[in-house]
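In full-length UniProt numbering, the protein residues as written are 1 to 300. All C-beta atoms in this analysis are idealised placements derived from N, C-alpha and C, irrespective of residue type, glycine included. In what follows, a single structure is set out as structure tokens and then discussed.
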Amino acid sequence: MTNTITHRNDTAADAVAAHLSEITAHVRVGNLRAAKAHMRRILDRAHPRVLNLITQCVEIRQNYPRIAAVKLRHLAQTSDPADRAIIEQCTPAHDQASRHVVPTPETRATRQAIQYRAPRNSHTRTEDAARHAPRHPAEARQLKTADTRTENYVRQRGGVDDQPTRSEPLDGYTIDYDKAASHPLRGTCCVFCWCERAARDHCATGSDDGLCSECRERDRPGLPALPDEHSRADAIRHRCHHWATNYRPATARAMIRRDWHAVGRADRAVMAAWIKSNRALLNTDTAPATGNPQATQAAA
Numbered sequence: 001m002t003n004t005i006t007h008r009n010d011t012a013a014d015a016v017a018a019h020l021s022e023i024t025a026h027v028r029v030g031n032l033r034a035a036k037a038h039m040r041r042i043l044d045r046a047h048p049r050v051l052n053l054i055t056q057c058v059e060i061r062q063n064y065p066r067i068a069a070v071k072l073r074h075l076a077q078t079s080d081p082a083d084r085a086i087i088e089q090c091t092p093a094h095d096q097a098s099r100h101v102v103p104t105p106e107t108r109a110t111r112q113a114i115q116y117r118a119p120r121n122s123h124t125r126t127e128d129a130a131r132h133a134p135r136h137p138a139e140a141r142q143l144k145t146a147d148t149r150t151e152n153y154v155r156q157r158g159g160v161d162d163q164p165t166r167s168e169p170l171d172g173y174t175i176d177y178d179k180a181a182s183h184p185l186r187g188t189c190c191v192f193c194w195c196e197r198a199a200r201d202h203c204a205t206g207s208d209d210g211l212c213s214e215c216r217e218r219d220r221p222g223l224p225a226l227p228d229e230h231s232r233a234d235a236i237r238h239r240c241h242h243w244a245t246n247y248r249p250a251t252a253r254a255m256i257r258r259d260w261h262a263v264g265r266a267d268r269a270v271m272a273a274w275i276k277s278n279r280a281l282l283n284t285d286t287a288p289a290t291g292n293p294q295a296t297q298a299a300a
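Below is the structure:
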């Protein structure tokens with residue numbers, strides 16, 4: 001090996017290969033300054049195609065260190081003879097995988113590693129049913145219970161779909177969205193037209209006539225006036241008595257039930273006491289012959 005650089009055409013492939021050989025030799029002996037001088041000469045005077053080939057070889061060695069020699073040898077076989085010398089200079093002598101092979105330790109059989117096996121002087125066979133049979137009475141009872149439950153389920157629920165496909169509801173059973181969006185009835189209804197009353201009709205200072213604004217303007221009959229010193233309980237009993245004496249028994253019970261859902265807990269206690277003491281009046285038809293025409297419809 002010489003430390004001098006051969007002066008010839010650096011643009012040729014053989015000149016680049018010679019420089020690469022000199023670089024390899026200088027790197028092995030630790031002369032990095034001379035190796036850098038050769039590398040600068042290659043970068044300054046080599047053809048761009050040759051530089052691209054060297055870059056490709058460097059990328060193969062960096063990205064595939066374990067199989068770089070195989071890939072570079074394959075690249076040399078498929079390249080031109082002029083480029084083959086450059087690729088051979090860039091090819092490592094051995095793959096990294098072959099250099100770092102860890103030898104497998106040789107296993108030795110010992111007495112502890114050999115599993116003890118009992119001598120088989122007699123040849124006996126055991127049926128599978130006896131081998132897997134329960135060894136304790138409790139296990140046998142559990143298996144019998146499980147078998148019984150399975151048989152009962154197959155006998156009673158066999159062929160029955162536990163999760164049937166639900167069909168669309170019929171038109172007559174669909175949700176009435178208009179009714180569901182409306183607010184519930186506020187307070188008791190009108191005693192004549194049975195419609196919802198306004199909030200001001202429930203805040204009367206005197207005796208409540210039980211009418212809505214429209215029925216009051218048309219002078220329709222309502223609840224008789226109570227004394228000025230009457231209480232809330234007197235007004236509730238007075239309204240229940242009006243239902244029982246002016247409508248049929250079925251209609252009166254329906255309207256009292258409607259008032260039950262419209263009042264609070266304290267008013268319900270008063271209504272329950274009145275109903276308990278006036279059962280005969282609720283079951284007797286005391287309605288006049290010319291009553292509210294809506295009573296007949298409600299009773300039907």
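- In the three-state DSSP reduction, residue 59 falls in the helix class (H, G or I).
- CA-CA distance, residue 39 to residue 63, rounds to 22 angstroms.
- If you ignore the 5 residues before and after residue 162, its C-beta comes within less than 6 angstroms of no other C-beta in its own chain.
- Assignment of residue 229 by DSSP, reduced to helix, strand and coil, places it in the coil class.
- Rounded to whole angstroms, the gap between the alpha carbons of residue 30 and residue 23 is 10 angstroms.
- Taking 8 angstroms as the cut-off, the beta carbon of residue 51 is found no closer than this to the beta carbon of residue 83.
- Each residue's CA atom was taken as its position, placing residue 280 and residue 232 some 24 angstroms apart.
- At least 8 angstroms separates the beta-carbon of residue 43 from that of residue 89.
- Looking at the backbone, the Cα of residue 73 and that of residue 41 are separated by about 26 angstroms.
- In this structure, the alpha-carbon of residue 75 lies about 19 angstroms from that of residue 18.
- Only exposed fits residue 155, as fewer than 16 other CB atoms lie within 10 angstroms of its CB.
- Less than 8 angstroms separates the beta-carbon of residue 201 from that of residue 212.
- In the DSSP assignment, residue 44 falls within the unbroken alpha helix (DSSP H) covering 32-45.
- Between the alpha carbons of residue 249 and residue 284 lies a gap of roughly 6 angstroms.
- Note that the C-beta distance between residue 239 and residue 259 is below 8 angstroms.
- The alpha carbon of residue 246 has as its nearest neighbour, out of 191, 164, 269, 207, the alpha carbon of 191.
- In this structure, residue 69 places its C-beta atom within 8 angstroms of the C-beta atom of residue 92.
- A straight-line Cα-Cα distance of about 32 angstroms links residue 158 and residue 136.
- For residue 249, the enclosing alpha helix (DSSP H) covers residues 249-262.
- Residue environment analysis places residue 86 among the buried positions, since at least 16 neighbouring C-beta atoms fall within 10 angstroms of its C-beta.
- C-alpha of residue 286 to C-alpha of residue 244: approximately 8 angstroms in a straight line.
- At least 8 angstroms separates the beta-carbon of residue 223 from that of residue 234.
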